[in-house]
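Trainee: Encoded as structure tokens, here's the structure I'll be asking about.
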Amino acid sequence: GAGVSQSPSNKVTEKGKDVELRCDPISGHTALYWYRQSLGQGLEFLIYFQGNSAPDKSGLPSDRFSAERTGGSVSTLTIQRTQQEDSAVYLCASSLARLSRGYGYTFGSGTRLTVV
Amino acid sequence: TQLLEQSPQFLSIQEGENLTVYCNSSSVFSSLQWYRQEPGEGPVLLVTVVTGGEVKKLKRLTFQFGDARKDSSLHITAAQPGDTGLYLCAGVRGTGNQFYFGTGTSLTVIP
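Chains as they are written, first to last, in this note's numbering: chain A, 1 to 116; chain B, 117 to 227.
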């Protein structure tokens with residue numbers, strides 16, 4: 001597609017339930033990132049996928065968070081047993097390559113997750 | 117502790133005024149980018165700077181990368197209501213896998 005597509009755009013879930021967030025990156029972009037944006041917290045790196053390499057999971061806040069990328073394209077971020085502190089906007093971005101000089105991210109519009 | 121600190125955090129100015137937003141760190145970055153984000157949308161890339169001392173202009177926006185590649189500034193001339201948004205700087209260290217984002221500057225331009 002022309003841009004990075006994320007779904008759903010909004011998700012309200014009950015505490016303790018599992019949620020799945022989907023990201024469809026720009027065709028041909030080999031790198032895919034998940035960030036979390038909380039009010040007053042800025043953008044927090046979660047996970048990075050590059051081609052067939054092992055993902056960089058160093059930003060995942062707990063073992064309740066996991067992500068996968070199938071076929072080098074679509075990615076799913078899963079949050080198990082959601083907590084209220086998981087409420088945030090989850091942003092997906094893709095890039096042409098590793099962060100070589102000059103390449104930037106193209107972000108999706110995000111999924112606003114509210115845990116009640 | 118944020119790797120990149122932006123100032124000011126909030127800025128409200130009248131249309132036609134000039135402004136400068138600062139992005140500072142004690143770390144060296146191999147490249148630095150500026151993004152603008154509007155409500156309900158993801159950040160949109162404005163510019164990338166990679167060389168210490170580099171200055172780039174985008175219409176009324178001027179971006180500068182510090183000589184030591186630890187800081188950057190964004191200057192807007194004759195601000196317009198369409199400039200309203202959240203401005204974010206982001207830097208990558210060495211050959212790292214991620215951009216570190218700044219704390220953000222929320223700009224409101226009043227008509």
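Note that beta-carbon positions come from the ideal geometry of N, C-alpha and C, so glycine has one too.
Since this is a predicted model, take the numbers as computed values, not measurements.
Does residue 113 of chain A have its Cβ less than 8 angstroms from a Cβ in chain B?
Mentor: It does not: the Cβ of residue 113 of chain A has no partner Cβ on chain B nearer than 8 angstroms.
Trainee: When the distance is taken between beta carbons, is residue 187 of chain B closer than 8 angstroms to residue 139 of chain B?
Mentor: Yes, the pair counts as a contact, with Cβ atoms nearer than the cut-off.
Trainee: Leaving out the 5 sequence neighbours to the left and right, which residues in its chain are closer than 7 angstroms to residue 143 of chain B when beta-carbon positions are compared?
Mentor: If we look at residue 143 of chain B and ignore the five residues flanking it on each side, its Cβ neighbours are 119, 186, 209.
Trainee: Using only the heavy atoms of the ligand ZN, determine whether one of them is closer than 7 angstroms to the beta carbon of residue 205 of chain B.
Mentor: The ligand ZN is not among the ligands present in this structure, which contains no ligands whatsoever.
Trainee: So who's on the other strand from residue 54 of chain A, going by DSSP bridges?
Mentor: Partner(s): none; residue 54 of chain A has no beta bridge.
Trainee: At the 8 angstroms Cβ level, is residue 164 of chain B part of the contact set with chain A, yes or no?
Mentor: It does: the Cβ of residue 164 of chain B has a partner Cβ on chain A nearer than 8 angstroms.
Trainee: Kindly say whether residue 28 of chain A, judged by its beta-carbon, lies nearer than 8 angstroms to any beta-carbon of chain B.
Mentor: Judged by the 8 angstroms Cβ criterion, residue 28 of chain A is not in contact with chain B.
Trainee: Taking the alpha-carbon positions, what's the residue 106 of chain A to residue 4 of chain A distance?
Mentor: Answer to the nearest angstrom: the Cα atoms are 7 angstroms apart.
Trainee: What do you reckon, are the CB atoms on residue 150 of chain B and residue 171 of chain B nearer than 8 angstroms?
Mentor: Contact: no.
Trainee: Bridge partners of residue 136 of chain B, per DSSP?
Mentor: Beta-bridge pairing links residue 136 of chain B to B/191.
Trainee: Throw me the rounded Cβ distance for the residue 207 of chain B and residue 122 of chain B pair, which I believe falls under 8 angstroms.
Mentor: About 12 angstroms; that fails the 8 angstroms criterion.
Trainee: Taking residue 140 of chain B as the query, report the chain D residues whose CB atoms sit under 8 angstroms from its CB, ordered along the chain.
Mentor: Of the protein chains in the structure, A and B, none is chain D.
Trainee: Just how far apart, CA to CA, sit residue 179 of chain B and residue 134 of chain B?
Mentor: One C-alpha to the other measures close to 14 angstroms.
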